[in-house]
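> Numbering-wise, my numbering puts 424 at position 421 of the sequence shown, and it's gapless, one number per residue.
We put the CB at the ideal spot given by N, CA and C, even for glycine.
Note that the structure is predicted; figures quoted are calculated from it, not measured.
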Amino acid sequence: MLETIASSLRDISAFGSSDPAAASSKRNLWTSLVQSYRPRLNDYMMQAKRTLKETTLHAGGQVETLALDDQTPTLLARLEEFRTLVNVVASSPTQDGLGEVIKSAHDVFSSYKEHDFDEIVGSKAETRSLRDALGFLGAVIFKYVGCSKRSCFLCSRVVQRYGSYTTRGCHGKLYNLWTVPEVPWLAEEERPKLVQALKNVERAMKESIRDGKTSGLVHARESTIGGSSVATRRQQSGRDPYMSSLVSEYLRSQRQEGMRRSSAGKGEDFASPDKRCQDRMSFYHLAKCSARSITTADILCKDVIGDEFPQDPETREHFGFNRCRDWREQSHLLGLYKGLIYLEVEAIQLNEWREKDILVSKIIETFSKVSEQSRGGYFPWFLRNQHILDNSIPPLQFDGQDNPLQRAIDAARPYLDLEDRNKDLQQLEPPSKRQCFLLYAMALDGSHPNPHWAEFDSWYDFGFAVCPGEHNERLLGGLYSRLVGGHKVMRDYYQSLGSKDEYPNVPTCSFNEFWLAYESGSLAKLFYHYGLGDMMDRDWGLREFLSFPLDQHELRPSVWRLKHFLALDPGAPLGRLSKIETAAQEYGFTSQLTARTRLALRQFYEQLFTKVNPLRVHEAKNRGKLLEYAESSLDVIDDGVRHVLRKLG
């Protein structure tokens with residue numbers, strides 16, 4: 004995470020403030036920060052929602068609740084807009100939505116002073132609670148929790164054991180009547196963490212008493228109210244739901260610990276089963292209970308089990324994925340780690356091996372204990388490519404000859420006519436030939452385009468925008484690979500692995516045949532001709548989409564450009580993507596929308612497209628009946644979205 008932040012900051016400082024690259028780096032930095040702190044920010048958002056619900060707001064002197072064109076919106080109007088935004092995001096949480104909530108909270112907190120809140124909030128206490136909730140969520144970066152004074156001995160220890168926070172310091176005083184404060188809003192998954200912190204403090208106190216380390220503690224008065232007041236003492240009723248819940252959680256935790264100890268057998272240290280259990284916890288368990296810190300090895304194991312290439316930058320760096328030249332090598336490396344998990348190597352061991360810089364030797368040692376015929380194909384590949392885990396070798400920069408796309412283009416040159424083979428991609432004419440060759444080269448390499456390329460429109464033009472979801476995009480990419488290369492992708496894969504392939508030769512489509520079919524709108528017929536037409540028959544509209552000739556591409560239903568818009572990052576600039584911008588405006592994404600309505604409209608279309616064919620949405624919009632059609636498919640539609648859809652009708 005720190006490396007990602009450092010990289011983004013370097014990029015930002017290297018470019019001018021108006022440079023698009025600097026803007027892109029800022030967006031990447033923002034996305035990384037929100038993603039990293041998302042669990043904590045979700046808690047802050049829910050606390051802000053609860054605080055708003057419990058706070059009485061009245062107009063006071065602010066009679067104007069809507070902003071006029073030449074006026075700043077009132078605090079009351081901003082809070083009502085923030086309340087609506089939080090309700091939308093809380094009901095369907097996304098990273099983009101959380102980002103909008105954070106920005107809105109920051110704007111409200113920083114734009115209005117405490118006396119502005121006093122005018123519309125019932126009491127000083129409610130003002131403080133509301134501003135604290137907005138401040139935590141919005142932008143106030145705090146170094147400690149609690150008041151500016153030092154905390155007592157037990158408060159300090161609990162906060163330390165809980166983790167994630169610090170206090171101003173500890174004055175060393177001990178209060179006999181100290182107890183856990185009531186926080187009824189505490190999330191269910193946070194309660195075991197608090198209980199564990201209390202148990203750790205209890206255990207540490209017992210050890211200190213037993214070892215005679217408590218002589219420096221000073222017994223203090225029980226309250227700052229005055230004298231020897233015991234005002235902080237109150238009877239704990241068994242009917243208190245919060246305390247009952249906490250006690251139940253504590254007892255459940257104690258039972259679990261007792262069961263762990265009982266199963267450990269005689270003669271073992273009672274602490275060791277706890278440690279082993281923590282070491283073997285799954286990523287999802289660790290994320291909830293915080294028994295130990297999550298490491299990049301935990302993230303790796305989660306991705307390996309899910310059969311996904313790691314996306315976390317630090318995990319990719321720690322375990323060699325940044326040194327792989329292409330997706331094939333990444334797949335081989337993923338297969339190697341799958342083998343280690345199959346051989347019962349756990350994340351805690353992988354992390355230890357990496358930290359001690361013995362990962363390579365331990366991998367070899369682990370597989371060497373298995374008979375040679377049972378080691379699979381990934382271990383022999385690793386023996387030939389140990390440099391991938393050599394930390395002295397810098398990661399690939401993926402520019403020039405290291406760029407996988409450039410290598411795919413170079414490998415596909417023999418498929419061009421002789422006069423075109425030595426030309427740069429940009430020199431291929433007409434543009435349709437350039438467009439087709441890029442897709443052809445990627446398909447031969449076993450990859451497919453993504454929606455974020457502004458320079459090329461391949462993701463849209465070759466039908467990936469029509470596919471419902473990324474899984475079907477991969478299926479269509481595989482179909483193009485079969486069309487132009489037959490079994491070449493699998494042959495290349497096993498050749499890279501060093502294994503024999505047994506795939507037969509099948510008829511394939513030449514580049515010129517592919518290019519001419521694209522221009523004439525007969526790509527769907529080409530798939531049928533080579534026996535690959537099954538996907539064309541699905542009720543997606545793919546066959547119709549690919550049947551538009553080049554000079555009629557503008558006649559394709561605009562809903563597919565809307566899907567392209569939804570596939571982009573919400574903050575992506577559309578200045579160079581005029582066709583996408585026009586389609587988005589056609590479906591209601593105008594510059595007059597508030598951030599909340601824009602987000603709700605985006606979520607509306609994403610949800611609608613999971614339930615109905617986008618072509619039916621396009622037809623309903625053209626008839627002026629989009630709202631009525633959406634109401635027949637969705638149970639809940641945001642009021643702001645309804646207003647937008649009525650205007651479309």
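Which parts of the stretch 368–403 are runs of the alpha helix (DSSP H), unbroken and 4 residues or longer, counting only runs that do not cross its ends?
Runs found: 381–387.
> Is it buried or exposed, GLY627, if we count other Cβ atoms within 10 angstroms and call 16 or more buried?
Locating residue 627 in the sequence shown gives position 624, counting from the first residue. It is exposed - the Cβ of GLY627 has fewer than 16 other Cβ atoms within 10 Å.
> Whole angstroms are fine: how far does the CA of ARG437 sit from the CA of TYR443?
As a position in the sequence shown, residue 443 is number 440, starting the count at 1. As a position in the sequence shown, residue 437 is number 434, starting the count at 1. Taking the straight line joining both Cα atoms gives about 10 Å.
> Report all residues from its chain with a CB closer than 7 Å to the CB of LYS372; omit the five preceding and five following residues, and keep chain order.
Locating residue 372 in the sequence shown gives position 369, counting from the first residue. Closer than 7 Å at Cβ, skipping near neighbours: no residue.
> Spell out the partners DSSP gives SER154 in its beta bridges.
Start at 1 with the first residue of the sequence shown, and residue 154 comes out as number 151. SER154 is bridged to CYS173.
> Would you mind reading off the limits of the alpha helix (DSSP H) that contains ASP464?
Indexing the sequence shown from 1 puts residue 464 at position 461. Note, ASP464: alpha helix (DSSP H), 461–464.
> What do you get for SER107, buried or exposed, if any count of 16 or more other CB atoms within 10 angstroms of its CB means buried?
As a working note, residue 107 is residue 104 in the sequence shown. Per the 10 Å Cβ criterion, buried.
> Would you tell me roughly how many angstroms separate the C-alpha atoms of TYR632 and LYS29, rounded to the nearest one?
Counting from 1 along the sequence shown, the entry for residue 632 is found at position 629. Counting from 1 along the sequence shown, the entry for residue 29 is found at position 26. So the two alpha carbons sit approximately 39 Å from each other.
> Please state whether DSSP places LEU596 in a helix, a strand or coil.
Here residue 596 corresponds to residue number 593 of the sequence shown, with the count starting at 1. The answer is coil: DSSP assigns LEU596 none of H, G, I, E or B.
> Under 6 Å Cβ to Cβ from LEU157, same chain only, skipping five residues before and after it: list those, please.
Against the sequence shown, residue 157 aligns to sequence position 154. For LEU157, where only same-chain residues beyond five positions count, the Cβ hits under 6 Å are TRP181.
> So, are the CB atoms of LEU558 and PHE568 less than 8 Å apart?
Locating residue 558 in the sequence shown gives position 555, where the first residue counts as 1. Locating residue 568 in the sequence shown gives position 565, where the first residue counts as 1. Not a contact, by the Cβ cut-off of 8 Å.
> Considering ASN616, what are the terminal residues of the alpha helix (DSSP H) in which it resides?
Numbered from 1 along the sequence shown, position 613 holds the residue referred to as residue 616. Taken as a continuous stretch (DSSP letters only), ASN616 belongs to no alpha helix (DSSP H), as it is neither H nor E.
> How many whole angstroms separate the CB atoms of ASN508 and GLY488, which I take to be in contact at a CB cut-off of 8 Å?
Here the question's residue 508 lines up with position 505 in the sequence shown. Here the question's residue 488 lines up with position 485 in the sequence shown. 11 Å between Cβ atoms; not a contact.
> Between the Cα of SER561 and the Cα atoms of TYR381, PRO576, GLY574, SER581, which residue gives the shortest distance?
Numbered from 1 along the sequence shown, position 558 holds the residue referred to as residue 561. Considering only alpha carbons, the answer is SER581.
> Pick helix, strand or coil for GLY652, following the three-state DSSP scheme.
Indexing the sequence shown from 1 puts residue 652 at position 649. Three-state result, GLY652: coil.
> Would the stretch 339–351 and the stretch 371–390 be scored as touching if the rule is three or more Cβ pairs under 8 Å?
Verdict: yes, contact present.
> Among HIS451, ALA26, PRO417, which residue has its Cα nearest to the Cα of PRO407?
Looking up residue 407 in the sequence shown gives position 404. Of the listed residues, the one whose Cα sits closest to PRO407 is HIS451.
> How do the stretch 468–478 and the stretch 536–546 stand: do at least 3 beta-carbon pairs fall below 8 Å, yes or no?
Yes, they touch.
> From VAL89 to THR597, what distance separates their C-alpha atoms?
In the sequence shown, counting from the first residue as 1, residue 89 sits at position 86. In the sequence shown, counting from the first residue as 1, residue 597 sits at position 594. Using only the alpha carbons, I get a separation of about 14 Å.
> Taking 8 Å as the cut-off, decide whether the C-beta atoms of PHE612 and LYS566 are in contact.
Mapped onto the sequence shown, residue 612 falls at position 609. Mapped onto the sequence shown, residue 566 falls at position 563. Contact flag set, yes.
> Less than 8 Å between the beta carbons of GLU522 and SER636, yes or no?
Mapped onto the sequence shown, residue 522 falls at position 519. Mapped onto the sequence shown, residue 636 falls at position 633. No, the Cβ-Cβ distance between GLU522 and SER636 is not below 8 Å.
> Would you call the stretch 39–59 and the stretch 87–105 in contact, with 3 or more CB pairs under 8 Å?
Touching, per the Cβ criterion.
> Whose CA, out of MET539, VAL363, GLN498, CYS304, lies closest to the CA of GLY466?
Position 463 of the sequence shown, counted from the first residue, corresponds to residue 466. The residue with the shortest Cα to Cα distance from GLY466 is MET539.
> Going straight from the alpha carbon of GLY652 to that of LYS624, what length do you get?
Residue 652 sits at position 649 when you count from the first residue of the sequence shown. Residue 624 sits at position 621 when you count from the first residue of the sequence shown. One C-alpha to the other measures close to 7 Å.
> Quick one: measure Cβ to Cβ for VAL204 and ARG164, integer angstroms, because I've assumed they're closer than 8 Å.
Translated into positions along the sequence shown, residue 204 becomes position 201. Translated into positions along the sequence shown, residue 164 becomes position 161. With a Cβ gap of about 6 Å, VAL204 and ARG164 count as contacting.
> Looking at chain D, is there any beta carbon in it that lies within less than 8 Å of the beta carbon of GLN438?
Of the protein chains in the structure, only one exists, and it is not chain D.
> Is DSSP giving VAL91 helix, strand or coil here?
Position 88 of the sequence shown, counting from 1, holds the residue named residue 91. VAL91: helix per DSSP, three-state reduction.
> So, helix, strand or coil for LEU60, using DSSP?
Looking up residue 60 in the sequence shown gives position 57. The answer is strand: DSSP assigns LEU60 an E or B state.
> Once the 5 residues before and after TYR590 are set aside, which same chain residues still bring their CB inside 6 Å of it?
If you number the sequence shown from 1, residue 590 lands on position 587. These residues qualify, in order along the chain: LEU565.
> What does the alpha-carbon distance come out to for the pair PRO313 and THR58?
For the purposes of this step, residue 313 is taken as residue 310 along the sequence shown, with counting starting at 1. For the purposes of this step, residue 58 is taken as residue 55 along the sequence shown, with counting starting at 1. The alpha-carbon atoms of PRO313 and THR58 are separated by roughly 44 Å.
> Using a Cβ-Cβ cutoff of less than 8 Å, which residues in the same chain neighbour ILE344 once the five nearest sequence positions on both sides are dropped?
The residue labelled residue 344 in the question sits at position 341 within the sequence shown. Only CYS304, VAL307, ILE308 meet the Cβ criterion.
> So, helix, strand or coil for VAL307, using DSSP?
By one-based count along the sequence shown, residue 307 stands at place 304. Three-state DSSP puts VAL307 in a helix.
> Tell me whether the beta-carbon of ASP504 lies closer than 8 Å to the beta-carbon of ARG331.
Locating residue 504 in the sequence shown gives position 501, where the first residue counts as 1. Locating residue 331 in the sequence shown gives position 328, where the first residue counts as 1. No, they are not a contact pair.
> With DSSP as the reference, label VAL469 as helix, strand or coil.
Within the sequence shown, the letter at position 466 stands for residue 469. In this structure, VAL469 counts as helix in the three-state DSSP scheme.
> Note down, in chain order, each residue of its chain lying with its Cβ closer than 6 Å to the Cβ of HIS646, except the 5 sequence neighbours on either side.
Sequence index remark: in the sequence shown, residue 646 carries index 643 (1-based). Correct list: empty, nothing qualifies.
> Quick one: what does DSSP say VAL348 is sitting in, helix, strand or coil?
Position 345 of the sequence shown, counted from the start, is the residue given in the question as residue 348. The answer is coil: DSSP assigns VAL348 none of H, G, I, E or B.
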